[in-house]
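K.L.:
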Ligand code: VGL
Ligand code: ZN
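Numbering (this note's numbering), first residue to last: 24 to 231.
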């Protein structure tokens, strides 16, 4: 695959809490790290996202009396999954995985820092309105194709891919450089959505 200066690699939430031993571990999460490090070498433009919540965040189950992780609640912007407390600002769980090569990254977007709203997508928070600023970056830098890798395939990778596609970018998800959580068929729903929206799936091998 030929990578151009109009392409960007968007690396989603490769943080300790999403890896083995972390507070919201995605099965095999840390296995994306060597793959992402290799792919990142090929790109001129690399952007990272970092899930970055205050301790009193609305998405944390312990902040809702009588609720358990992975239950859902209704908020004014829609249904919200309640997660174990994870990626709290300034904690080691919120740090990037220690082996992730961040040297090529020209942008780090933090998301989920507003107490009352979660943010899966790298572009918009879960109300689908509040911007993170990444869309402005992509447009102003005149980037055209967004390649996405990281965690978790069926939440933050999925929402980021959907929003980037809807905003008019070509989007390709590098699926073997992602891992999923898979709650109630969410991985299958992700594949359906990608097909409907014209989001392509590419393999790691295509880059090597
Ligand atoms: C994520 C759940 C909660 C993700 C972040 O990175 O996919 N999932 N916060
Ligand atoms: Zn989160």
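Beta carbons are placed, not taken as given, at the ideal position from N, Cα and C, and that holds for glycine.
Could you check what DSSP says for residue 173 in three-state terms: helix, strand or coil?
P.N.:
Reading the chain shown from its first residue, position 150 is the one you call residue 173. Note: residue 173 maps to strand in three-state DSSP.
K.L.:
Within 8 Å (strictly less), CB to CB, does residue 119 reach chain C?
P.N.:
Looking for chain C here will not work: only one protein chain is present.
K.L.:
May I ask you to check if the CB of residue 151 is nearer than 7 Å to at least one heavy atom of the ligand ZN?
P.N.:
For this step, residue 151 is matched to residue 128 along the chain shown. Outside the cutoff, so no.
K.L.:
Name the DSSP bridge partner or partners of residue 97?
P.N.:
Position 74 of the chain shown holds residue 97. Note: residue 97 sits in a beta bridge opposite 102.
K.L.:
List, from N- to C-terminal side, the beta strand (DSSP E) runs of 3 residues or more that fit wholly inside the segment 142 to 229.
P.N.:
168 to 174, 193 to 202, 223 to 225
K.L.:
Enumerated in chain order, which unbroken segments of the alpha helix (DSSP H) with a length of 4 residues or greater are wholly contained in the segment 50 to 121?
P.N.:
At a cut-off of 4 residues, the continuous stretches assigned as alpha helix (DSSP H) that sit fully inside the segment 50 to 121 are 55 to 63.
K.L.:
Closer than 7 Å to a non-hydrogen atom of the ligand VGL - does that hold for the CB of residue 183?
P.N.:
In the chain shown, residue 183 corresponds to position 160, counting from 1. False, no ligand heavy atom lies under 7 Å from that Cβ.
K.L.:
For the candidate residues 144, 60, 26, whose alpha-carbon lies nearest to that of residue 72?
P.N.:
Position 49 of the chain shown, counted from the start, is the residue given in the question as residue 72. When only C-alpha atoms are compared, the closest one is 144.
K.L.:
Do you know whose CA, among 70, 82, 29, lies nearest residue 36's CA?
P.N.:
Position 13 of the chain shown holds residue 36. It is 70 whose Cα lies nearest to the Cα of residue 36.
K.L.:
Quick one: what's got a C-beta closer than 7 Å to residue 100's C-beta in the same chain, skipping five residues either side?
P.N.:
In the chain shown, counting from the first residue as 1, residue 100 sits at position 77. The answer, listed in chain order, is 140, 149, 150.
K.L.:
At the level of alpha carbons, what is the spacing between residue 152 and residue 182?
P.N.:
Numbered from its first residue, the chain shown carries residue 152 at position 129. Numbered from its first residue, the chain shown carries residue 182 at position 159. Taking the straight line joining both Cα atoms gives about 13 Å.
K.L.:
Short check: CB of residue 198 to CB of residue 222, under 8 Å?
P.N.:
The residue given as residue 198 occupies position 175 in the chain shown. The residue given as residue 222 occupies position 199 in the chain shown. Result no, Cβ atoms of residue 198 and residue 222 do not sit closer than 8 Å.
K.L.:
Which value, in whole angstroms, describes the spacing of the CA atoms of residue 111 and residue 135?
P.N.:
Locating residue 111 in the chain shown gives position 88, where the first residue counts as 1. Locating residue 135 in the chain shown gives position 112, where the first residue counts as 1. One C-alpha to the other measures close to 10 Å.
K.L.:
Can you tell which of 202, 75, 226 has its C-alpha closest to the C-alpha of residue 43?
P.N.:
Reading the chain shown from its first residue, position 20 is the one you call residue 43. The option with the nearest alpha carbon to residue 43 is 202.
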